[in-house]
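Sequences listed follow chains A and B, in order.
Heads up: the first sequence is residues 398 to 764, going by the working numbering.
Heads up: the second sequence is residues 398 to 764, going by the working numbering.
Don't be surprised by glycine CBs; every beta carbon is placed ideally from N, CA and C.
2 protein chains.
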Amino acid sequence: MGADLELVVGGRPIRFPAVWLRDNCPCPDCLAPGTGQKLKDITDIPNGLAITRTEDAGESVLVTFAPDQHRSAFPRAWLEDHALGDGADGDGRTEDDKELWLPPDLAELPAMSWLSYLAGGKAEALEAVLRVGFVLLSGLSAVPGRVLEVAASFGYVRETNYGRLFDVRVEPAPGNLAFTSRAIRPHTDNPYRDPAPTVQLLHCLRAAGEGGDTGLVDGFAAAADFRAADPESFGTLARTPVSFGYVDKETELRASLPLIQLSPSGRVRGVRFNNRSMRPLRRPYAEVTAFYAAYRRWAELLAQPGRQLTVRLAAGDCLVFDNTRVLHARTAFSMSPRSPGRHLQGCYADLDGLASTLAVLTREEGS
Amino acid sequence: MGADLELVVGGRPIRFPAVWLRDNCPCPDCLAPGTGQKLKDITDIPNGLAITRTEDAGESVLVTFAPDQHRSAFPRAWLEDHALGDGADGDGRTEDDKELWLPPDLAELPAMSWLSYLAGGKAEALEAVLRVGFVLLSGLSAVPGRVLEVAASFGYVRETNYGRLFDVRVEPAPGNLAFTSRAIRPHTDNPYRDPAPTVQLLHCLRAAGEGGDTGLVDGFAAAADFRAADPESFGTLARTPVSFGYVDKETELRASLPLIQLSPSGRVRGVRFNNRSMRPLRRPYAEVTAFYAAYRRWAELLAQPGRQLTVRLAAGDCLVFDNTRVLHARTAFSMSPRSPGRHLQGCYADLDGLASTLAVLTREEGS
């Protein structure tokens, strides 16, 4: 009788606590057969569990628990696949599951024609968004509203006060600098929202005559370099909540979160960067001065020209990118009667739906 | 010449670093007049700023900066309102900005008729969602789809794989225990999503003949009590990422985040709790055993009967609640040819849009 189950797999002992086993019991009383959902709460499981008996049943291990004599059959392969401590239970959202890049690392851009995407390339494109942070789809028709179809092909549009989609072009009375012809430096969108949209799409309906190039920066690669170069400043930014705000006639948004967001184990899980909408910091004096020193160094690092990948969107191109990771920018563009300026349509979506679509596609391909 | 501006307000000195002032300069070169957005990045501001001159200009303080002789006029009232260190720059999302409750604390339920909501009560209802965690709207017509109108009245529907809205009723082949007549203990929805929806709406089209009562638990109050009673277990749950998953034919979602989510300063900002969809923990052995001890204590605390507020939804009632904070539950219900069982329609939305709507309503009332 003991608190653990120990198996030896390939000469290596692997150990499972009784409570872990019981909470993951696959019998139909514990796990709903149709849904795979657990039928027991942790409080339904007796306290002070012990294993009174283990039996080898070929493919399975039979475990009997005290005090209630519940018996569970664990497939041996499942136990081997679920060894503790291997860290394989993440959701792929931190820097550890990404391919960090500087532009020279991307020998080939993650890019694909819309036709290829529709003809079996979707999984490869979505995988690029999760791994590299973006994919460039080309050859869509330059028709208003098309961007919503791209979003619907892998997930769900996140509607906001900007609508289901928004036009990025010069407006006579812009509520946002995006709607001018000015250059915009690398930033993430909507840091004044919580939850901020985690995926952004930009579909080019009309390229600028001159200028209006899109720049992309891998914020996770930058954060990893920042941590290596200046761990103290990195820590300051990960610890300091910063308020972002957006106000117009019908909207008043505010969110207060750090510029660099970490997982509980200190790995980078998100960046927010957008000086335009940063609100006055109200932390104590010493924190404010430390923050500004760190913030300047971080901004300088993000602005290094060698970090920025330049992509010129042509009419019909659609960029899909991870807004928790990849900063986007644009150069200024000119307008004249002959070149009426750049016109993009954008919308937001979320990474969880995108990853789900990829997982299902991969499952189907694998079966 | 100095690095700071110091003002004396009501006998109390308040101090602002030069870089903070300059980053918040309200002149039209620094702040776009139409949008209130900043036109300068931090890297546009000279390094090693100093204040060479301050002048009293009645309502304003004029500040001249070295090395570039930029001059800024700061309204004195604005400076007084933005004193550092007062912590007034949050977004209202942590426990500090909530009214934590046990059921006896709620002498009156936050509740309102739909007519009152439409006739000027909306701000009060939305404020209750942010402060108490929920509001009960009554007297809506029990018409399918109505829940989407309620969501649209304060924000944007978060579409998911369950659709823009979903039916909660007994289904012949349920993909989720929600779609059975079983009791469901207090939980938050969609912990397998990141971002998880932050607002949930449940609109009752048909009450159960017997049972099917809704229970609500203030997860932030519970977390605060848990921290006071067992800080070590609280810390364990705040530090341990837990994977949740949901799988059906078209969906495969996974998110890995702690059960208790903290702000950088350690204040509770979110809870996730849903044993049904928790996936096997893969942390190292010692972490797993510590986690299970803490998890059981947390589950026991959440299950204390005294924490659960019982609400019986009648046809036409719509409950709107904060899914980052309030756990919901339901009792089992009976079905018979005479009582066909409970039928709710639900949808998701987000707190940021809700808070924006409230801010604009309050602004309009105040002006």
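Asked                                                                                                                                                                       : Found
Measure the Cβ-Cβ separation of L706(B) and G612(B) and say whether it is below 8 angstroms.                                                                                : yes
Under the three-state reduction of DSSP, which class applies to G763(B): helix, strand or coil?                                                                             : With a pLDDT of 46 at G763(B), under the threshold of 50, the modelled position of that residue is not reliable, and the figure given next carries that caveat. Of the three classes helix, strand and coil, the one that applies to G763(B) here is helix, per DSSP.
Are there 16 or more other CB atoms within 10 angstroms of the CB of K646(A), so buried, or fewer, so exposed?                                                              : exposed
Taking C-beta pairs closer than 8 angstroms, name the residues in chain B that R735(A) reaches, listed in chain order.                                                      : Near R735(A) there are no residues of chain B at all, since even the closest Cβ is about 27 angstroms away, more than 8 angstroms.
Is it buried or exposed for A652(B), if we count other Cβ within 10 angstroms and need 16 for buried?                                                                       : buried
Output needed for L481(B): all residues of its chain with C-beta closer than 6 angstroms, excluding positions within five of it in sequence on either side, in chain order. : none
Note down the Cα distance separating A746(A) from G408(A), rounded to an integer number of angstroms.                                                                       : 47 angstroms
Which term fits L476(B), buried or exposed, when burial requires 16 or more other beta carbons within 10 angstroms of its beta carbon?                                      : buried
Count the other CB atoms, across all protein chains shown, that sit within 10 Å of the CB of C744(B); report buried if there are 16 or more and exposed otherwise.          : buried
Using DSSP bridges, identify the partner residues of P414(A).                                                                                                               : D401(A)
Quick one: what's got a C-beta closer than 8 angstroms to F617(A)'s C-beta in the same chain, skipping five residues either side?                                           : E492, K495, L497, G530, V665, V668 and R722
Which residues, in order along the segment 731 to 758 of chain B, keep a beta-carbon less than 8 angstroms from a beta-carbon of chain A?                                   : D747, L748, D749, G750, A752, S753, A756 and V757
Contact check, T432(B) vs P571(A) under 8 angstroms by CB: the rounded distance?                                                                                            : 7 angstroms
Can you check DSSP and say which residues form a bridge with I439(A)?                                                                                                       : Answer by DSSP bridge pairing: none, since I439(A) is not bridged.
Applying a beta-carbon distance threshold of less than 7 angstroms, which residues of chain A neighbour N720(B)?                                                            : Neighbours of N720(B) on chain A: none; closest Cβ ~11 angstroms, over 7 angstroms.
How big is the Cα-Cα spacing for K435(B) and A575(A)?                                                                                                                       : 12 angstroms
Buried or exposed: which applies to R760(B), given that a residue is buried once 16 or more other Cβ atoms fall within 10 Å of its Cβ?                                      : exposed
For L678(B), return the contacting residues in chain A, with the cut-off set at a CB-CB distance below 8 angstroms.                                                         : W417, L481 and D486
If we cut at 8 angstroms on Cβ distances, does G431(A) have a partner in chain B?                                                                                           : yes
From the DSSP output, in three-state form, read off E684(B) for me.                                                                                                         : helix
Along chain A, in chain order, which residues have C-beta atoms closer than 8 angstroms to that of Y682(B)?                                                                 : R412, P414, L481 and G482
Give me the Cα-Cα distance between G606(A) and R739(A), rounded to the nearest whole angstrom.                                                                              : 8 angstroms
Which residue marks the beginning of the alpha helix (DSSP H) containing A544(A), and which one marks its end?                                                              : The question names Ala, but residue 544(A) is Val in the sequence shown. Element bounds for V544(A): R543 to A549.
Kindly indicate if chain A contains any beta-carbon less than 8 angstroms away from that of I769(B).                                                                        : Since the displayed chain B opens at 398 and closes at 764, residue 769(B) lies outside it and no answer follows.
In chain A, which residues lie with their C-beta within 8 angstroms of the C-beta of S457(B)?                                                                               : Those do not exist, as S457(B) stays about 16 angstroms from chain A at its closest Cβ, beyond 8 angstroms.
What would DSSP say about P472(A), mapped onto helix, strand or coil?                                                                                                       : strand
In or out: A687(B) buried (at least 16 other Cβ within 10 Å) or exposed?                                                                                                    : buried
Short of 6 angstroms in beta carbon distance, which residues of its chain neighbour S658(A), apart from the five on each side in sequence? Order them along the chain.      : Before going further, note that residue 658(A) is Gln rather than Ser in the sequence given. The residues are R666 and G667.
Within 8 angstroms (strictly less), CB to CB, does G445(B) reach chain A?                                                                                                   : no
Taking the runs of the beta strand (DSSP E) that are 3 residues or longer, which of them lie wholly in the segment 478 to 522 of chain B?                                   : 508 to 510
Report the rounded CA-to-CA distance for A619(A) versus L698(A), giving the unit in angstroms.                                                                              : 7 angstroms
Within 8 angstroms of any Cβ in chain B, is that where the Cβ of S550(A) sits?                                                                                              : no
Using three-state DSSP, classify A619(A) as helix, strand or coil.                                                                                                          : helix
Interface residues of chain A around L650(B) at Cβ under 7 angstroms?                                                                                                       : D749 and S753
With DSSP collapsed to three states, give me the class of Y689(A).                                                                                                          : helix
Output yes or no for whether 8 angstroms exceeds the beta carbon distance between I448(A) and A415(A).                                                                      : yes
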